[in-house]
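Numbering (the working numbering), first residue to last: 4 to 182.
For each residue, glycine too, the CB sits at the ideal point set by N, CA and C.
Predicted, not measured: the structure shown is a model, and the values here were computed from it.
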């Protein structure tokens, strides 16, 4: 039996009326059941609210965090981690999905998302399903264009990580390839 939400709210508002005891008991049971369906996810979410967001200014820390939080994609996937002024994570987004060996990416998607979140810095990343994390010439050219675009709007490009697996990644910042 399904009770429409409006009816449930009306009957719960009527709860002070002693003449409606049986019906109120039924509604209360239904309400408890509905609440039980969200308790576990709600508890998991609430636990994250008090947790301090990870700080990702170190390329290795960012690569480890990504390896833990990203599924292994069979296609090239490009995304960004958006950071505040202290490099605490304020947002994550998968911006583009591509083919087995290519993802068509433009700086404007990264900038638009960063500006909407009021991010101070960004770490971009993409995977190489081939298992080889070596940046391609296209990867390097895009990173340089993105770095210039970020500079124009006062956004800091911290890194561009190429992730082939949990154990194999390349930091373009460490290799001096950001500008």
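As assigned by DSSP and simplified to three states, the class of residue i
| i | result |
| --- | --- |
| residue 113 | helix |
| residue 67 | helix |
| residue 162 | strand |
| residue 100 | strand |
| residue 169 | coil |
| residue 150 | helix |
| residue 122 | coil |
| residue 140 | helix |
| residue 155 | helix |
Other residues of its chain near residue i: CB distance less than 6 angstroms, five sequence neighbours each side excluded
| i | result |
| --- | --- |
| residue 159 | 124 |
| residue 177 | 62 |
| residue 161 | 124, 126 |
| residue 153 | 160 |
| residue 112 | 98 |
| residue 136 | 165, 167, 171, 172, 173 |
Beta-carbon spacing of residue i, residue j below 9 angstroms
| i | j | result |
| --- | --- | --- |
| residue 182 | residue 151 | yes |
| residue 94 | residue 120 | yes |
| residue 172 | residue 64 | no |
| residue 174 | residue 134 | no |
Cutoff 7 angstroms; reference residue i; Cβ partners in own chain excluding five residues on either side
| i | result |
| --- | --- |
| residue 102 | 78, 79 |
| residue 96 | 82, 83, 116 |
| residue 155 | none |
| residue 143 | 180 |
Exposure of residue i, with buried meaning 16 or more beta-carbon neighbours within 10 Å
| i | result |
| --- | --- |
| residue 166 | buried |
| residue 88 | exposed |
Supposed close pair residue i, residue j - CB separation, criterion 8 angstroms
| i | j | result |
| --- | --- | --- |
| residue 76 | residue 132 | 7 angstroms |
| residue 98 | residue 83 | 6 angstroms |
| residue 108 | residue 145 | 6 angstroms |
| residue 91 | residue 58 | 5 angstroms |
| residue 149 | residue 110 | 5 angstroms |
Same chain, Cβ closer than 8 angstroms to residue i, five either side skipped, listed in chain order
| i | result |
| --- | --- |
| residue 147 | 180, 181, 182 |
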